[in-house]
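A short worksheet on the structure shown next.
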Amino acid sequence: MAIITLTTDFGEKDHFVGAVKGAIYSELENVKIVDISHSISPFNVPEAAYIIQNVYNSFPKGSIHLIGIDSELNQENKHIAVKLDDHYFICANNGIMSMICAEIAAEKIVEINIHDKIETNFPVLDVFVKVACHIARGGTLEVIGKKIDTIKPIKNMSPFVNDEQTQIIGSVIYIDNYGNVVTNIKRKFFETIQKGRPYEISARSYKFKEIYNKYSEIVNFDMPEDKRHDEGKGLVLFNSSDYLEIAIYKSDNATVGSASTLMGLQMRDTVTVNFIKD
1 MAIITLTTDF GEKDHFVGAV KGAIYSELEN VKIVDISHSI SPFNVPEAAY
51 IIQNVYNSFP KGSIHLIGID SELNQENKHI AVKLDDHYFI CANNGIMSMI
101 CAEIAAEKIV EINIHDKIET NFPVLDVFVK VACHIARGGT LEVIGKKIDT
151 IKPIKNMSPF VNDEQTQIIG SVIYIDNYGN VVTNIKRKFF ETIQKGRPYE
201 ISARSYKFKE IYNKYSEIVN FDMPEDKRHD EGKGLVLFNS SDYLEIAIYK
251 SDNATVGSAS TLMGLQMRDT VTVNFIKD
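FYI, in our numbering the residues of the sequence shown are 1 to 278.
As structure tokens, then:
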């Protein structure tokens with residue numbers, strides 16, 4: 001049974017998600033549809049890229065991932081289908097795939113060219129669904145597109161390193177449901193530049209000199225529970241996806257607040273790592 005996942009910025013109020021699912025079931029009654037998220041911030045390509053990168057490989061090989069973000073067809077925003085890591089991705093060529101392709105080479109990329117057979121102003125419904133169902137039936141990518149070699153990158157997604165290798169300047173690429181702030185600095189990249197040196201991480205006026213492996217490491221469990229008062233403390237860690245994250249322990253916007261609200265950090269804000277000479 002084929003699996004088709006859906007990731008969009010459609011939200012839950014409108015008819016769009018239901019229409020896409022209905023169109024898929026109209027072509028393939030026995031397909032399994034899985035919603036990854038329909039709450040991507042509108043047109044937020046980096047946010048979608050982060051989510052797709054961190055979820056796709058939890059699915060079986062051969063899964064088809066339909067991504068409806070900024071998908072209106074125009075001369076600068078073509079549609080592509082990508083085979084990568086034995087998964088299939090259908091999306092606009094707007095940078096969504098660049099985070100995954102930076103770490104794993106695509107096996108095949110085609111620019112979808114069936115638009116002349118379909119009249120639409122809703123390409124996710126009318127084009128992406130056709131492509132997904134074609135792949136689910138065992139069809140090849142060459143039938144629905146022409147082979148291309150490269151995809152469009154997301155601008156400013158890579159952190160900057162100065163010539164002296166003493167500073168990394170990263171940026172916020174995702175804010176999760178807890179208000180934790182995820183940067184574009186990955187553990188391997190950080191450690192390659194660090195070379196064992198001490199460091200100071202700066203985000204606005206907040207500074208951190210330690211990176212934790214998990215949120216609860218900030219807690220001193222030797223102290224009596226009623227004297228800890230750890231909720232609401234700021235910390236930095238490499239999250240489960242190995243991205244540098246700024247968080248508040250047990251964050252809650254209704255009570256202790258979150259890294260985003262308390263520190264005033266938003267998408268694309270700068271986070272700096274300064275390495276200190278021994």
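All residues carry an ideal CB built from backbone N, CA and C; glycine is no exception.
Remember, it's a predicted structure, so these values are computed and weren't measured experimentally.
* CB-CB under 6 angstroms to TYR174, same chain, minus the five flanking residues each way: which ones, in chain order? -> Within the sequence shown, numbered from 1, the residue matching residue 174 stands at position 174. Here the set comprises GLU47, TYR50, VAL182.
* Would you identify the three-state DSSP class for THR192, choosing helix, strand or coil? => Position 192 of the sequence shown, counting from 1, holds the residue named residue 192. Correct three-state label for THR192: helix.
* **Proximity to ASP126 [Cα-Cα], best of ILE24, GLU200, ILE135** => As a first step, residue 126 must be located in the sequence shown, where it is residue number 126. It is ILE24.
* To do: Output the distance between the C-alpha atoms of ASP67 and THR270, rounded to the nearest integer angstrom.
  => The residue you call residue 67 lines up with position 67 of the sequence shown. The residue you call residue 270 lines up with position 270 of the sequence shown. In the sequence on display, residue 67 carries Ile and not Asp. Distance between the alpha carbons of ILE67 and THR270: 28 angstroms.
* If we ignore side chains and look at the alpha-carbon of each, how far apart do HIS15 and SER258 end up? -> Stepping through the sequence shown from its first residue, residue 15 is reached at position 15. Stepping through the sequence shown from its first residue, residue 258 is reached at position 258. So the alpha carbons of these two residues sit roughly 32 angstroms apart.
* Asked: By the 10 Å Cβ neighbour count, where 16 or more other Cβ atoms means buried, how is ASN239 classified, buried or exposed?
  -> As a working mapping, residue 239 is identified with position 239 in the sequence shown. ASN239 should be labelled buried.
* Expressed to the nearest angstrom, what Euclidean distance is found between the alpha-carbon atoms of ASN279 and ALA92? -> Because the chain is modelled from 1 through 278, residue 279 falls outside the range shown and cannot be assessed.
* Identity of the residues DSSP links to ASP230 by a beta bridge -> The count along the sequence shown starts at 1 and reaches residue 230 at position 230. Paired residues: none, contrary to the question.
* For the candidate residues PHE221, VAL82, ASP116, GLU245, whose alpha-carbon lies nearest to that of ASN180? -> As a first step, residue 180 is located in the sequence shown; it is residue number 180 there, counting from the start. Residue nearest to ASN180 within the set PHE221, VAL82, ASP116, GLU245 is GLU245 (criterion: CA-CA distance).
* Asked: Is LYS32 buried or exposed, if buried means 16 or more other CB atoms sit within 10 Å of its CB?
  -> Position 32 of the sequence shown holds residue 32. Exposed, by the Cβ-count rule.
* To do: Within the segment 148-186, note down every full beta strand (DSSP E) run reaching 3 residues or more, in order along the chain.
  => Whole beta strand (DSSP E) segments, 3+ residues: 167-175, 181-186.
* Asked: Would you call the segment 78-90 and the segment 133-148 touching, i.e. three or more CB-CB distances under 8 angstroms?
  -> Cβ pair count under 8 angstroms is three or more, so yes.
* To do: Put HIS115 into one of helix, strand or coil per three-state DSSP.
  => Translated into positions along the sequence shown, residue 115 becomes position 115. Note: HIS115 maps to helix in three-state DSSP.
* Asked: Buried or exposed: where does ASP9 fall if 16 or more other Cβ atoms within 10 Å of its Cβ makes it buried?
  -> As a position in the sequence shown, residue 9 is number 9, starting the count at 1. Answer is buried; the Cβ neighbour count reaches 16.
* For SER26, which option in ILE114, GLU107, VAL129 has the closest C-alpha, if you only look at C-alpha atoms? -> Sequence index remark: in the sequence shown, residue 26 carries index 26 (1-based). Closest by alpha carbon: VAL129.
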